[in-house]
Amino acid sequence: MTETSQDTVLPFKGLRVLNFGWYWVCAVIAHILADMGAEAIKVESWQRLEVLKSLAPFLGGIEEPDRCMWAHNLSRNNLGITVDLGSKRGRELILDLVRQSDVVVENWTPGTMKKLGLDYETLRRVRPDLVMISPSGAGQTGPLSHISTYGSVLGPLAGLDGMNGYEGERPIPFGMALPDPIAGVFGAYAVLAALRHRNETGEGRYIDFSQWEAMTSTLGVPLLDYHWNRRVASPMGNRSPIFVPHNVYPCQGEDNWLSIAVYSEEEWRGLCRALGEPPWLDDPRFADKFRRKHHESVLDER
Numbered sequence: 207m208t209e210t211s212q213d214t215v216l217p218f219k220g221l222r223v224l225n226f227g228w229y230w231v232c233a234v235i236a237h238i239l240a241d242m243g244a245e246a247i248k249v250e251s252w253q254r255l256e257v258l259k260s261l262a263p264f265l266g267g268i269e270e271p272d273r274c275m276w277a278h279n280l281s282r283n284n285l286g287i288t289v290d291l292g293s294k295r296g297r298e299l300i301l302d303l304v305r306q307s308d309v310v311v312e313n314w315t316p317g318t319m320k321k322l323g324l325d326y327e328t329l330r331r332v333r334p335d336l337v338m339i340s341p342s343g344a345g346q347t348g349p350l351s352h353i354s355t356y357g358s359v360l361g362p363l364a365g366l367d368g369m370n371g372y373e374g375e376r377p378i379p380f381g382m383a384l385p386d387p388i389a390g391v392f393g394a395y396a397v398l399a400a401l402r403h404r405n406e407t408g409e410g411r412y413i414d415f416s417q418w419e420a421m422t423s424t425l426g427v428p429l430l431d432y433h434w435n436r437r438v439a440s441p442m443g444n445r446s447p448i449f450v451p452h453n454v455y456p457c458q459g460e461d462n463w464l465s466i467a468v469y470s471e472e473e474w475r476g477l478c479r480a481l482g483e484p485p486w487l488d489d490p491r492f493a494d495k496f497r498r499k500h501h502e503s504v505l506d507e508r
């Protein structure tokens, strides 16, 4: 890897980002911009500890907020400030910071920033070209806008968890809040688009960003399959929706397994050679990937 020159000018040097976010998604947006040179400032409260700082593992196993590895990873290249947003002085300090900032990031329950007097219409009075993004669970309006969500809630809402697990069994929830980092990356793209618009027009932008919609947008093929074929996506274990064979197979002995994934006809022929060209491989049901997929259960039993 080539070392970065100290003289390298990162693309967002001189850009200031205020991050009022809670948990993961806003941290991803802020650190992506910070990694590219922006000055990101994390706004926190002593009254309510950022949940990231309570998650293991901790440096040396000592459970202290500033030793939390999650916080150090996701808030890398960030500065920090603690402010009492409910006080007049705290609000004055924030408005002064906004006046000198380019981007504001927050993901509190819709309506919270307005209650604090820090909604976009208020902030743009002190910084007319401000870009602000609110990556809430389901957007600022609509029937689910009032709910507070985490990634573990958004996964099932989007349909992601319903496709994870083994065929014929109950779905298995994902072991991580996958919608958070996905929405964070998408949110960073949205901020970049708004900054591009600002450069061209001088206008700021408010981005009402739904994490639910961001997660759902990654499931295009299952959605189209349902729309066109009325086929509901369901757990398929280690199988692939396209490639066959694609599974984990039991072997002789106790708890011994072999993973096989064939992606091309060349790989299929290679597998046939490795298996010693068994006669059943000439079966016309396995002649190409489409027929193999249609007869996947029969092939897996071989």
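The sequence shown begins at 207 in our numbering and counts up one residue at a time. Using N, Cα and C, we set each Cβ at its ideal position, and we do this for glycine too.
#### Entry: Range covered by the alpha helix (DSSP H) that runs through Asp488
Against the sequence shown, residue 488 aligns to sequence position 282. Per DSSP, Asp488 belongs to no alpha helix (DSSP H) and is neither H nor E.
### Query
Exposed or buried, which one is Asn462 when buried takes at least 16 other CB atoms within 10 Å?
Walking along the sequence shown from the start, residue 462 turns up at place 256. Asn462 should be labelled exposed.
### Task
Closer than 7 Å by C-beta to His278: which residues in its own chain qualify, once you throw out the five before and the five after it? Chain order, please.
Within the sequence shown, residue 278 is the residue found at index 72, counting from 1. Cβ neighbours of His278 beyond the five flanking positions: none.
### Query
Hey, how far is the Cα of Gly371 from the Cα of Ser354?
Numbered from 1 along the sequence shown, position 165 holds the residue referred to as residue 371. Numbered from 1 along the sequence shown, position 148 holds the residue referred to as residue 354. Those two C-alpha atoms are separated by around 26 Å.
#### Entry: Beta-carbon proximity of Lys248 to Gly220, cut-off 8 Å
Counted from its first residue, the sequence shown places residue 248 at position 42. Counted from its first residue, the sequence shown places residue 220 at position 14. Taking 8 Å as the Cβ cut-off, Lys248 and Gly220 do not qualify as a contacting pair.
### Task
Check the C-beta distance from Glu507 over to Val450 and give it rounded, since I have them as a contact under 8 Å.
For the purposes of this step, residue 507 is identified with residue 301 of the sequence shown, where counting begins at 1. For the purposes of this step, residue 450 is identified with residue 244 of the sequence shown, where counting begins at 1. Incorrect: roughly 13 Å between the Cβ atoms, too far for contact.
### CB-CB length for Gly393 against Ile339, believed under 8 Å
Here residue 393 refers to the residue found at position 187 of the sequence shown. Here residue 339 refers to the residue found at position 133 of the sequence shown. About 6 Å separates the two Cβ atoms, so the contact holds.
### Query
In the structure shown, what three-state DSSP assignment does Tyr326 receive?
Start at 1 with the first residue of the sequence shown, and residue 326 comes out as number 120. Residue state, collapsed to three classes: helix.
### Query
Opposite Glu250 in the DSSP bridges: which residues?
Here residue 250 corresponds to residue number 44 of the sequence shown, with the count starting at 1. Answer is Thr288.
### Query
For Arg479, does the count of other Cβ atoms within 10 angstroms reach 16, so buried, or fall short, so exposed?
What you label residue 479 is simply residue 273 of the sequence shown in a count that begins at 1. With fewer than 16 Cβ atoms within 10 Å of its Cβ, Arg479 is classed as exposed.
### Query
Nearest-angstrom Cα distance between Cys274 and His237?
Within the sequence shown, the letter at position 68 stands for residue 274. Within the sequence shown, the letter at position 31 stands for residue 237. Annotation: Cys274 to His237 spans about 16 Å, alpha carbon to alpha carbon.
### Message
Once DSSP output is grouped into helix, strand and coil, what is the label at His500?
### Response
In the sequence shown, the residue the question calls residue 500 occupies position 294. Of the three classes helix, strand and coil, the one that applies to His500 here is helix, per DSSP.
### Message
Output needed for Met207: all residues of its chain with C-beta closer than 8 Å, excluding positions within five of it in sequence on either side, in chain order.
### Response
As a first step, residue 207 is located in the sequence shown; it is residue number 1 there, counting from the start. With a pLDDT of 40 at Met207, under the threshold of 50, the modelled position of this residue cannot be trusted, and the question is left open.
### Task
Would you list the residues sitting across from Asn225 in a DSSP beta bridge?
Residue mapping note: residue 225 aligns to position 19 of the sequence shown, counting from 1. Partner(s): Lys248, Val311.
### Query
Leaving out the 5 sequence neighbours to the left and right, which residues in its chain are closer than 6 Å to Arg305 when beta-carbon positions are compared?
As a first step, residue 305 is located in the sequence shown; it is residue number 99 there, counting from the start. For Arg305, where only same-chain residues beyond five positions count, the Cβ hits under 6 Å are Val332, Arg333.
### Message
Going residue by residue through the stretch 326-354, where are the continuous beta strand (DSSP E) segments of at least 3 residues, counting only ones entirely within it?
### Response
The stretch 326-354 is shown to contain whole beta strand (DSSP E) runs of 3 or more residues at 337-342, in chain order.
### Task
Would you list the residues sitting across from Asp170 in a DSSP beta bridge?
Any question about residue 170 goes unanswered here, given that the chain covers just 207 to 508.
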